[in-house]
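Under our numbering, the residues of the sequence shown are numbered 818 to 888, in order.
For reference, the structure discussed in these notes is given below.
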Amino acid sequence: METDVILTWLVDKDADNDIDADAISWMWDVTTVQDKKITEDNADGIMSRAYRPGPYTPLESQTSFFVQTYL
């Protein structure tokens, strides 16, 4: 399973061409590596033959409402 991510950085049209991209993108790079690991681990777990869905937590109340209403 694979997901493509396309990212476009939008900067002011009057911004200097010598802008330091690292200064505005470092946090994206850090969190993307972490998110990728979490997403891959979750996908592996869900694909396991041993996976059984559990109840929603209180933090997932909107998801639970959506599932009950539309599915």
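Cβ coordinates follow ideal geometry from the N, Cα and C atoms, glycine included.
Query: Reference Thr820; option with closest CA among Phe883, Leu827 and Thr856; Result: Thr856
Query: Ala838, enclosing alpha helix (DSSP H) - first and last residue; Result: Ala838 to Met864
Query: Given 8 Å, three or more beta-carbon pairs between the segment 865-876 and the segment 842-852; Result: no
Query: Limits of the alpha helix (DSSP H) - the one that Tyr868 falls within; Result: That residue, Tyr868, is in no alpha helix (DSSP H); it is neither H nor E in DSSP.
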